[in-house]
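Reading through the structure tokens given below for one structure.
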Amino acid sequence: MQKLLTLILLVLLLLTTALTLPVSAADTANGAEVFSVHCAGCHINGGNIVRRGKNLKKKALKKYGMDSIEAITSIVSNGKNNMSAYKDRLTEQQIQDVAAYVLEQADKDWR
Ligand code: HEC
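Using my numbering, the first residue of the sequence shown is number 40, and each one after it goes up by one.
Listed below in structure tokens is the structure:
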């Protein structure tokens with residue numbers, strides 16, 4: 040009887056922790072890793088080695104309407120001109136994470 044109670048308590052405990060964890064919240068630490076592998080080649084330090092003006096600094100993101108999670112996830116998923124699409128190479132979560140990372144870094148001016 041006592042074993043059963045302990046088991047039930049354990050299951051309840053696991054359930055409540057699982058429910059309170061923010062399941063799909065963007066993880067900028069993971070985003071930083073995605074960025075260094077997939078984006079830094081062209082966007083090192085938030086720049087753009089292909090099209091200098093289209094960098095990831097706050098001012099440029101604002102100017103081109105790229106200063107939101109939606110806009111960045113969209114360009115990363117579908118690509119644009121010389122930037123390729125990543126929707127076949129990255130998961131939705133990775134794209135969310137890297138977009139959050141880009142916005143966070145732009146706020147800090149990539150320092
Ligand atoms: C092969 C080089 C290359 C790689 C790799 C690359 N990009 Fe880009 N990126 C570009 C180019 C070129 C543009 C400009 C596209 C345009 O508007 O013509 C751009 C534009 C952008 C913009 C919009 C910037 C602005 O000011 O309008 C964002 C945001 C962005 N890239 C994020 C990323 C992220 C995040 C990754 C990694 C998942 C990535 N890029 C990988 C070349 C690259």
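All C-beta atoms in this analysis are idealised placements derived from N, C-alpha and C, irrespective of residue type, glycine included.
Inspect the CB distances between the segment 41-60 and the segment 115-130 and report whether three or more fall short of 8 Å.
By the criterion of at least three beta-carbon pairs nearer than 8 Å, the segment 41-60 is not in contact with the segment 115-130.
Going by other Cβ atoms of all chains shown within 10 Å of its Cβ, with 16 needed for buried, is Q135 buried or exposed?
With 16 or more Cβ atoms within 10 Å of its Cβ, Q135 is classed as buried.
With a threshold of 7 Å (Cβ to nearest heavy atom), would V137 be considered close to the ligand HEC?
The closest heavy atom of the ligand HEC lies less than 7 Å from the beta carbon of V137.
For V76, count neighbouring Cβ atoms within 10 angstroms of its own Cβ and tell me buried if that reaches 16, exposed if not.
So V76 ends up on the exposed side.
With respect to 7 Å, is the separation between the Cβ of K147 and the closest non-hydrogen atom of the ligand HEC below this value?
Distances taken from the Cβ of K147 to the heavy atoms of the ligand HEC include none shorter than 7 Å.
DSSP three-state assignment for K119, whether helix, strand or coil
Three-state DSSP puts K119 in a strand.
Under 7 Å Cβ to Cβ from A110, same chain only, skipping five residues before and after it: list those, please.
Excluding residues within five positions, the ones whose Cβ falls inside 7 Å are G104.
Fully enclosed by the segment 72-118, which alpha helix (DSSP H) runs are 4 residues long or longer?
With a minimum length of 4 residues, the unbroken runs of alpha helix (DSSP H) contained wholly in the segment 72-118 fall at 79-82, 97-102 and 108-117.
Take T112 and list the residues in its own chain whose beta-carbon comes closer than 7 Å to its own, dropping the five residues that flank it on each side.
Excluding sequence neighbours, T112 sits near I134, Q135 and A138.
Given A64 as reference, the closest of N117, I108 and H82 once Cα atoms are compared
Ranking N117, I108 and H82 by Cα distance to A64 puts I108 first.
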